[in-house]
Amino acid sequence: MTRLALRRVFLALPTIVAAATLVFLLVHVVPGDPVDVMLGESAAPADREALRHALGLDRPLLTQYGAFLTGLATGDLGRSLVSGEPVARLVAERVPATLELTLGALVVAIVIALPLGVLAAARPGTWIDRAAVAFALLGAAMPSFWLGPLLIIGFAIELHVLPVSGRGGLAHLVLPACTLGLGMSAILTRMTRASVLECVGEDYVRTARAKGVGRVGVLARHALANALAPVVTILGLQFGALLAGTVITETIFAWPGVGRLTVEGIQARDYPVLQGCILVIAAGFVLASTLADVVNAALDPRTRPGAPEVR
Amino acid sequence: MTPASRRVGAAAALLLALVLAAVAAPWIAPEDPTRQDLAATLAPPSRGHLLGQDKLGRDILSRVLHGGRVSLIVGLATVASSLVVGGAVGAVAGYAGGWLDDLLMRVVDVLLAFPGLLLAIALTAVLGASVQNVVLALCLIGWTGYARLTRGEVHRLRSREFVEAARALGAPDRRILWRHVVPLLTAPLLVQATFGMAGAIVAEASLSFLGLGAQPPTASWGAMLNDGRAFLLVAPHLTIFPGLAITLAVLALNFLGDGLRDLLDVRPATDLWR
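Sequences listed follow chains A and B, in order.
Throughout the first sequence, residue numbering follows numbering that gives the first Met the number 0, covering 0 to 310 in sequence.
Throughout the second sequence, residue numbering follows numbering that gives the first Met the number 0, covering 0 to 273 in sequence.
See the structure below:
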């Protein structure tokens with residue numbers, strides 16, 4: 000297992016470098032001049048040249064790419080054009096808030112989706128199954144930038160039970176975590192339901208039932224363990240999507256994380272900050288998928304490399 | 000009538016109603032969506048303004064109807080361009096195989112390893128905020144799903160007997176691809192495009208919500224939600240109605256996609272909702 004984990008982490012590195020290259024190309028190769036976007040097309044040529052020099056854009060592209068990768072390897076993501084502070088420090092200060100929010104959303108998603116998905120699969124065709132399917136459909140259709148304000152109207156403005164925005168104690172986390180996590184819980188509910196339903200139809204479940212194991216026992220000891228592997232894969236992929244989703248959720252709730260910093264970087268046209276934020280979120284996305292692969296292999300030996308093919 | 004065909008019918012009817020409302024917006028909207036009435040800012044729903052008025056006194060119903068046009072245009076343009084690019088890349092990779100397949104699929108893998116919405120945010124931030132750039136950004140990330148799906152299907156079909164028979168009869172590769180393989184891709188691509196359209200509508204609204212999409216005074220559902228954020232306490236109707244329009248559109252498309260998948264017996268589509 001350790002070898003597999005190391006192998007997966009090693010394989011994730013080129014993906015992170017590829018993502019970094021993509022971010023570099025975004026700023027340097029796409030049509031349009033970042034200097035134009037930052038200063039406007041009517042800026043004085045001297046100001047444009049000064050900014051171009053400050054950003055290092057007057058050097059050959061390959062030199063810039065080399066410097067970018069070297070900086071990345073040493074944790075240097077450049078300096079903010081607005082505050083002059085190192086981007087790495089600015090981003091690092093915001094990472095704990097984003098992790099807190101993302102993990103909170105993950106807890107919300109799991110706490111809702113796993114019991115609901117299992118219950119729906121255990122009682123197919125009943126009202127609880129129909130309710131779970133309806134929740135999954137509606138949850139996937141409601142965008143977070145609508146759900147968030149609705150939760151604020153309901154729980155903060157009308158009921159006065161939770162704060163409107165900002166970061167503080169657990170009460171501050173509830174609404175942003177629900178906003179970010181409910182969409183994921185909809186996808187997970189559907190996945191869990193489908194996965195458990197598939198496992199319930201397997202021969203080993205029938206054998207266990209024939210041997211007298213009760214419905215709950217079969218679900219808990221046999222079906223659930225096997226049904227969880229694909230759910231974990233989705234969980235890993237969705238965790239990365241949650242990280243990207245923080246850009247919207249942190250904006251709605253003025254949550255001081257990397258997502259909010261990304262939007263601040265866009266609004267201030269602070270390209271180094273924008274680049275740094277996107278890189279960190281993309282790296283988190285890749286690492287989450289990697290972690291999901293490793294956990295999946297731990298849960299299901301059939302998915303390990305070199306495992307014999309089951310027919 | 001099977002449950003799947005009933006679902007497709009209901010979803011298609013809802014979608015058709017939304018599309019017709021958006022297309023006919025200039026004729027059925029009660030007012031010009033940019034007409035301001037500063038004496039009635041943030042007015043709640045009333046008989047004269049069924050969904051109320053926004054911070055500049057503009058009629059929200061008219062803006063929701065016109066906003067649907069932006070979502071529809073972005074959704075259709077994104078899906079059409081992604082389908083053409085992704086379909087072509089996937090067909091070439093799947094049919095050619097070998098190093099070309101490896102190379103194209105590695106590019107797809109790298110792009111899929113990147114959160115799509117984040118890439119779209121970065122692209123529109125760099126290219127500048129506009130509806131055209133939103134379509135460009137969404138197409139640049141959207142084609143990968145179609146490429147992977149098409150490549151898988153073509154790869155599976157190219158070893159089937161009817162393809163081998165056509166090849167044995169001397170048909171050139173282009174003819175085999177167009178006459179024998181592409182028609183069989185219609186069903187899975189149609190399902191994927193339905194979900195892709197829903198994803199594109201949400202992504203456009205997300206970008207407009209962040210100020211990176213349609214620019215004022217153009218009405219767009221995401222931009223309307225962004226406008227409403229500052230007035231949640233005093234005028235929640237600014238937020239409720241455009242959000243409801245997005246949710247209805249996405250729900251109709253997801254229902255349609257689900258129904259079509261069951262009806263056409265297609266394997267689950269790649270999830271573009273990342």
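Even for Gly, the Cβ is constructed at its ideal location relative to N, Cα and C.
His52/A sits exposed, since fewer than 16 C-beta atoms from the chains shown fall within 10 Å of its C-beta. The continuous alpha helix (DSSP H) containing Thr289/A extends over residues Tyr270 to Leu298. Under the DSSP assignment, Phe252/A falls outside any alpha helix (DSSP H); it carries neither an H nor an E label. The shortest C-alpha to C-alpha distance from Glu152/B to any of Ile245/B, Leu176/B and Val63/B is the one to Leu176/B. Annotation: Arg88/A to Thr261/A spans about 14 Å, alpha carbon to alpha carbon. For Pro255/A, no Cβ of chain B is located within less than 8 Å of the residue's own Cβ. For chain A, the residues of the segment 113-131 of chain B that bring a beta carbon within less than 8 Å of one of its beta carbons are Phe113, Pro114, Gly115, Leu116, Leu117, Leu118, Ile120, Ala121, Leu122, Ala124, Val125, Leu126 and Gly127, in chain order. By DSSP's assignment, Gln52/B forms a beta bridge with Asp58/B. Per DSSP, the unbroken alpha helix (DSSP H) holding Pro114/A starts and ends at Val86 to Ala121. Taking the C-beta atoms as reference points, Gly93/B is found nearer than 8 Å to His154/B. Put simply, the CB of Arg228/B is near chain A, with a gap under 8 Å to one of its CB atoms. Distance from the CA of Leu13/B to the CA of Thr188/A, rounded to the nearest whole angstrom, comes to 25 Å. Straight through space, the alpha carbons of Ala199/B and Ala244/B are spaced by roughly 15 Å. Arg78/A is bridged by DSSP to Pro85/A.
Scanning Ala42/B, Pro44/B and Gln52/B for the CA closest to the CA of Thr33/B turns up Gln52/B.
In this structure, Phe134/A and Ala185/A form a Cβ contact; the two beta carbons are roughly 6 Å apart against a cut-off of 8 Å. Near chain A, meaning a CB-to-CB distance below 7 Å, the residues of the segment 242-253 of chain B are Gly242, Ile245, Thr246, Val249, Leu250 and Asn253. Look at Ala229/B here: in three-state DSSP terms it is coil, with no helix or strand label.
Secondary structure of Asp36/B (DSSP, three-state): coil. Against Ala204/B, the close residues of chain A are Pro142, Phe144 and Trp145, in the order they occur along the chain (beta-carbon pairs closer than 9 Å). Shown here for Ala204/B: same chain residues with a beta carbon closer than 6 Å to its own, the five before and five after excluded, namely Trp220, Gly221 and Ile245 in chain order. When secondary structure is reduced to three states using DSSP, Pro25/B falls in the helix class.
Taking all protein chains in view, the Cβ of Phe67/A is crowded by 16 or more other Cβ atoms within 10 Å, so the residue is classified as buried. Annotation: Val249/B to Thr1/A spans about 43 Å, alpha carbon to alpha carbon. Residue-level contact check: Leu231/B touches chain A, since one or more beta carbons of chain A fall below 8 Å from its beta carbon. Cα atoms of Leu174/A and Gly147/A: separation of roughly 7 Å, rounded to the nearest angstrom. Sequence-ordered contacts of the segment 64-84 of chain A with chain B are nonexistent [C-beta pairs closer than 9 Å]. When secondary structure is reduced to three states using DSSP, Ala146/B falls in the helix class. Contact between the segment 159-169 of chain B and the segment 220-238 of chain B is absent: fewer than three C-beta pairs spanning the two stretches fall below 8 Å. Close CB contacts of Phe23/A within its chain, under the 7 Å cut and outside five residues either way in sequence, are with Tyr64 and Phe67 (chain order). For Arg57/B, the closest alpha carbon among the candidates Val69/B, Asp31/B, Ser81/B and Leu262/B is that of Asp31/B.
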